[in-house]
Amino acid sequence: MAKYNKNKSSHKGSDKGVTAKKHLGQHFLKDEDVALRIAEVLSYEGYDQILEIGPGTGVLTKHVIRKNMKVTALELDSESVIYLKHSFPLEHVKIVNDQTFQVIEADFLKKDLKEIYGEQSFAIIGNFPYNISTQIVFKTIENREQIPEFGGMFQKEVAQRICAPHGSKTYGILSVLAQAYYEADYVFTVGPDVFDPPPRVDSGVLFLKRRDNYDNLTCSYSILRQVVKLAFQQRRKTLRNSLKTLNLPDEMREKDIFSLRPEQISVDAFVELATQIEKL
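First residue of the sequence shown? That's 1 in UniProt numbering, and the numbers climb one at a time after it.
Have a look at this one:
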């Protein structure tokens with residue numbers, strides 16, 4: 001897939017009175033074309049609420065608001081919060097108002113999402129901080145009953161890992177758990193130059209669409225996560241060795257799947273195995 005690399009836009013964080021903080025993993029998106037392409041990842045069907053994580057200076061935000069969505073921006077950086085609450089609405093007065101946009105100063109990983117949405121459905125979008133991106137995916141999976149779609153920017157390697165098929169070297173815990181509940185699509189690659197400051201790595205945009213049968217899995221999320229984590233913690237070993245601590249019956253451990261390494265096992269096969277273990 002071709003890499004998107006471009007030097008054209010001018011939305012540097014410093015121009016907005018907001019500076020990127022290294023400890024927050026901030027790299028502000030400054031390219032309008034890339035922002036629009038990320039906004040187009042979601043279908044905007046079946047829900048009317050969007051949660052944007054880490055909006056920074058609102059480069060992506062305004063494109064999402066134009067989709068006739070109510071956007072809630074969850075931002076931890078106080079400088080960004082001040083800009084988004086005061087300057088951003090004035091700069092985009094035609095589309096931004098109390099009915100289309102709100103800003104909440106909070107950490108996504110610690111925030112109770114039901115405080116914002118109750119039982120309503122919402123999609124997630126963002127240029128995600130690389131230092132918490134995997135935790136964002138895990139929390140999305142845990143709240144999957146309310147999140148039909150998820151899209152945004154990750155470090156390229158992480159995005160590829162989430163979307164990797166079994167048999168791939170990058171197939172792992174994130175791949176299995178995300179794909180058990182969502183269809184995962186790696187959309188496009190983005191070079192460092194579209195950010196301020198530019199990261200040292202490429203980025204990747206992905207799209208997760210919740211599976212129709214996401215709530216009909218035959219095993220619980222907790223047991224699936226336990227089995228998958230144990231398997232991939234020793235990914236070079238067969239399941240017969242990596243799942244020893246579960247003290248499974250000898251007759252189960254003689255099944256063919258136990259002679260395989262975790263990257264050789266499909267998502268469906270992991271679900272089936274976790275189901276059998278949970279029934280013991």
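We put the beta carbon where it would ideally sit given N, CA and C, even for glycine.
Residue i versus residue j: straight-line alpha-carbon distance, rounded
i: PRO89; j: ILE95; result: 8 Å
i: LYS114; j: ASN143; result: 10 Å
i: HIS166; j: GLN264; result: 6 Å
i: residue 284; j: THR72; result: In the structure displayed, the chain extends from 1 to 280; residue 284 sits before or after that span and is not available.
i: LEU102; j: LEU74; result: According to the sequence as given, residue 102 is Gln; it is not Leu. Their Cα atoms are separated by approximately 9 Å.
i: ARG66; j: PHE207; result: 19 Å
i: PRO262; j: LEU230; result: 10 Å
i: PRO199; j: PRO192; result: 5 Å
i: LYS156; j: VAL187; result: 11 Å
i: PRO249; j: THR134; result: 33 Å
i: MET153; j: MET252; result: 41 Å
i: GLY118; j: ASN241; result: 43 Å
i: HIS63; j: GLU254; result: 54 Å
i: ASP212; j: SER220; result: 17 Å
i: VAL41; j: VAL194; result: 18 Å
i: LEU243; j: ILE277; result: 11 Å
i: LYS237; j: ASP31; result: 44 Å
i: ASP256; j: LEU280; result: 18 Å
i: THR61; j: ASN127; result: 10 Å
i: ILE53; j: ILE82; result: 16 Å
i: TYR130; j: LYS16; result: 22 Å
i: ASP112; j: ASP196; result: 30 Å
i: HIS86; j: TYR182; result: 36 Å
i: ILE124; j: SER168; result: 27 Å
i: GLY151; j: ILE141; result: 13 Å
According to DSSP, residues forming a beta bridge with residue i
i: VAL201; result: Answer is none; VAL201 lacks a bridge partner.
i: ARG37; result: None; ARG37 has no bridge partner.
i: residue 289; result: The requested residue 289 is not part of the displayed model; the chain covers only 1 to 280.
i: THR61; result: According to DSSP, which records beta bridges pairwise, THR61 is partnered with nothing at all.
i: GLN102; result: THR72
i: GLN276; result: DSSP, once it has assigned bridges, lists no residue as partnering GLN276.
Nonlocal neighbours in the same chain, by C-beta distance under 7 Å from residue i, ignoring five residues either side
i: ARG225; result: LEU177
i: ALA180; result: LEU217, LEU224, VAL267 and VAL271
i: LEU174; result: THR134, VAL137, ARG161 and ILE162
i: VAL228; result: ILE173, VAL176, LEU177 and PHE270
i: THR275; result: THR218 and CYS219
i: ASP98; result: none
i: LEU273; result: VAL227 and ILE257
7 Å Cβ cutoff, residue i in contact with chain B
i: LEU29; result: Protein chains in the displayed structure number just one, and chain B is not present.
6 Å CB neighbourhood of residue i in its chain, flanking five on each side removed
i: ALA106; result: LEU74
i: ASP215; result: none
i: LEU76; result: ASP107
i: VAL201; result: GLN155
i: GLU79; result: VAL18
i: ASP185; result: PHE207
i: HIS92; result: LYS62
i: ARG235; result: PRO262
Simplified DSSP state of residue i, which is helix, strand or coil
i: ARG210; result: strand
i: MET252; result: helix
i: THR238; result: coil
i: PHE88; result: helix
i: ASN127; result: strand
i: LYS70; result: strand
i: PHE270; result: helix
i: THR245; result: helix
i: TYR47; result: coil
i: GLU52; result: strand
i: ASP196; result: strand
i: PHE108; result: coil
i: THR218; result: coil
i: PHE150; result: strand
i: THR134; result: helix
i: PHE122; result: coil
i: VAL227; result: helix
i: THR19; result: coil
i: VAL187; result: strand
i: LEU174; result: helix
Own chain residues within Cβ distance below 8 Å of residue i, not counting five before or after
i: LYS170; result: It is Thr, not Lys, that sits at residue 170 in the sequence shown. If we look at THR170 and ignore the five residues flanking it on each side, its Cβ neighbours are GLU157, GLN160, ARG161 and ALA164.
i: ILE104; result: THR72, ALA73, LEU74, GLU75, LYS111 and ILE116
Cβ-Cβ distance between residue i and residue j below 7 Å
i: GLU149; j: LYS70; result: no
i: VAL59; j: ALA39; result: no
i: GLN233; j: PHE122; result: no
i: GLY46; j: PHE28; result: no
i: PHE258; j: LEU239; result: yes
Heavy atom of the ligand SAH within 6 Å of residue i beta-carbon
i: PHE108; result: Questions concerning the ligand SAH fall outside what the structure shown contains, since it holds no ligand whatsoever.
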